[in-house]
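S.K.: Quick one: the structure is below, and I'll ask about it shortly.
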Amino acid sequence: MDKDVRAAFEAAKGFMPLDEGTALHAAAKEAAAGLGLPLLEVGTYCGRSTLLLAEAAASAGTVVVTVDHHRGSEEQQPGWEYHDPELVDPVTGRMDTLPHFRRTLHAAGLEDHVIAVVGRSPQVAKVWRQPLGLVFVDGGHTDEHASADYEGWAPLLAEGGLLVIHDVIPDPADGGQAPYRIYRRALASGAFTEVSATRTLRVLRRGGGPFDRPGAEAGGHGK
Ligand SMILES: C[S@@+](CC[C@H](N)C(=O)[O-])C[C@H]1O[C@@H](n2cnc3c(N)ncnc32)[C@H](O)[C@@H]1O
Numbered sequence: 002m003d004k005d006v007r008a009a010f011e012a013a014k015g016f017m018p019l020d021e022g023t024a025l026h027a028a029a030k031e032a033a034a035g036l037g038l039p040l041l042e043v044g045t046y047c048g049r050s051t052l053l054l055a056e057a058a059a060s061a062g063t064v065v066v067t068v069d070h071h072r073g074s075e076e077q078q079p080g081w082e083y084h085d086p087e088l089v090d091p092v093t094g095r096m097d098t099l100p101h102f103r104r105t106l107h108a109a110g111l112e113d114h115v116i117a118v119v120g121r122s123p124q125v126a127k128v129w130r131q132p133l134g135l136v137f138v139d140g141g142h143t144d145e146h147a148s149a150d151y152e153g154w155a156p157l158l159a160e161g162g163l164l165v166i167h168d169v170i171p172d173p174a175d176g177g178q179a180p181y182r183i184y185r186r187a188l189a190s191g192a193f194t195e196v197s198a199t200r201t202l203r204v205l206r207r208g209g210g211p212f213d214r215p216g217a218e219a220g221g222h223g224k
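Residues in the sequence shown are numbered from 2 upward in steps of one, following my numbering.
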């Protein structure tokens, strides 16, 4: 990872530790160079992970599309564990991470390599038709949101593309299980094989077989 990108990553608000960021960056580099297709992120927040994808996309002449409604996930709302009062818009009184995201990208000099979509992930996925080289799922961490992200975006991955899932936590004593459940579901579908595991970040590769459709998945939502 370029030292300026690393410095921007460390300066940005966010939750991803450096070892996971390094693994995400390596996956993005490989996908961008190998397929030359856009990289898709669900869960922009303040851009900490986006700039890793952006640097990889820029080096291969492609772009990142990053999707977020910028109103924060459940656990980021006032009174919850991951709330940051600096991210509340004083006019609306609601979370607004969009200006912080724009500052992160500007500071890293990567604005030209990112298309930011402000919207709800399932609605955006419904109108998106381009094949993707990488899908990074780091949006809402409820079963409803994680499942919708998987169902909306994973089928758009090109053969050989990478599905990266954050916050995969096998032991319920350590945290929420929704990302873990979509990770298990992807493997059970037969459409993906695991490439790497770094702390809670999992990288899976899309094979050439059939893709599971909602309601027809092998393994369902269980373990
Ligand atoms: C954990 S944060 C993302 C962190 C970011 N990837 C990073 O590493 O810095 C989750 C983000 O997902 C967004 N989000 C949650 N549910 C969403 C949905 N259904 N559609 C779009 N964005 C969503 C939230 O607004 C929040 O900014």
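For each residue, glycine too, the CB sits at the ideal point set by N, CA and C.
Is the CB-CB distance between Leu133 and Pro211 below 8 Å?
M.R.: Taking the first residue of the sequence shown as position 1, residue 133 is located at position 132. Taking the first residue of the sequence shown as position 1, residue 211 is located at position 210. In this structure, Pro211 does not lie closer than 8 Å to Leu133 by Cβ.
S.K.: Between Phe193 and ligand 1, is the CB less than 7 Å from at least one heavy atom?
M.R.: By one-based count along the sequence shown, residue 193 stands at place 192. No, the beta carbon of Phe193 sits no closer than 7 Å to any heavy atom of ligand 1.
S.K.: Leaving aside the five residues before and after Gly220 along the sequence, list all residues of the same chain whose C-beta is less than 7 Å from its C-beta, in chain order.
M.R.: Counted from its first residue, the sequence shown places residue 220 at position 219. Since pLDDT at Gly220 reaches only 36, below the 50 mark, its modelled position is unreliable, and the value read off the structure follows with that caveat. Here the set comprises Arg185, Arg186 and Ala189.
S.K.: The beta strand (DSSP E) spanning Ile170 covers which residue range?
M.R.: By one-based count along the sequence shown, residue 170 stands at place 169. No beta strand (DSSP E) contains Ile170, which DSSP labels as neither H nor E.
S.K.: Hey, could you find the ends of the beta strand (DSSP E) Gly134 is sitting in?
M.R.: Walking along the sequence shown from the start, residue 134 turns up at place 133. Note, Gly134: beta strand (DSSP E), Leu133 to Val138.
S.K.: Compare the beta carbon distance of His114 and Ala33 with 8 Å and say whether it is the shorter of the two.
M.R.: To locate residue 114, count along the sequence shown from 1; it is residue 113. To locate residue 33, count along the sequence shown from 1; it is residue 32. Not closer than 8 Å, so no.
S.K.: Start and end of the alpha helix (DSSP H) containing Arg182?
M.R.: Translated into positions along the sequence shown, residue 182 becomes position 181. Looking at the DSSP string, the run of the alpha helix (DSSP H) that includes Arg182 is Ala179 to Ser190.
S.K.: Sort Met2, Thr23 and Ala108 by Cα distance to Gly199 and report the nearest one.
M.R.: Position 198 of the sequence shown holds residue 199. This sequence places Thr at residue 199; Gly is not what is there. Nearest C-alpha to Thr199: Thr23.
S.K.: In its own chain, which residues sit with a C-beta less than 8 Å from the C-beta of His222, not counting the 5 before and 5 after it?
M.R.: In the sequence shown, residue 222 corresponds to position 221, counting from 1. At His222, the pLDDT of 35 sits below 50, so the modelled position is not reliable; the number obtained from the coordinates is stated separately. Within the same chain, His222 has close Cβ partners Asp144, Ser148, Arg182 and Arg186.
S.K.: Please tell me whether Ala28 and Val136 are closer than 8 Å, where the distance is taken between their beta carbons.
M.R.: Position 27 of the sequence shown holds residue 28. Position 135 of the sequence shown holds residue 136. No; because the gap between Cβ atoms is not below 8 Å, this pair is not in contact.
S.K.: In the structure shown, what three-state DSSP assignment does Ser197 receive?
M.R.: To locate residue 197, count along the sequence shown from 1; it is residue 196. Correct three-state label for Ser197: strand.
S.K.: Given a cut-off of 8 Å, decide if Gly15 and Cys47 are closer than it, judged by their beta-carbon atoms.
M.R.: In the sequence shown, the residue the question calls residue 47 occupies position 46. In the sequence shown, the residue the question calls residue 15 occupies position 14. A contact, by the Cβ cut-off of 8 Å.
S.K.: Taking all protein chains shown into account, decide if Asp3 is buried (16 or more other Cβ within 10 angstroms of its Cβ) or exposed.
M.R.: Locating residue 3 in the sequence shown gives position 2, where the first residue counts as 1. Flag for Asp3 reads exposed.
S.K.: If you draw a straight line from the alpha carbon of Tyr151 to that of Glu76, how long is it in whole angstroms?
M.R.: Taking the sequence shown and counting its residues from 1, the one referred to as residue 151 is at position 150. Taking the sequence shown and counting its residues from 1, the one referred to as residue 76 is at position 75. Straight-line Cα distance between these residues: approximately 20 Å.
S.K.: Tell me the DSSP secondary structure of Val6 in three-state form.
M.R.: In the sequence shown, the residue the question calls residue 6 occupies position 5. Correct three-state label for Val6: helix.
S.K.: In three-state terms, what does DSSP make of Arg95?
M.R.: Stepping through the sequence shown from its first residue, residue 95 is reached at position 94. Of the three classes helix, strand and coil, the one that applies to Arg95 here is coil, per DSSP.
S.K.: Restricting to Cα atoms, I'd like to know which of Gly110, Val196 and Gln178 is closest to Ala8.
M.R.: Taking the sequence shown and counting its residues from 1, the one referred to as residue 8 is at position 7. Looking at the Cα atoms, Gly110 is the closest of the given residues.
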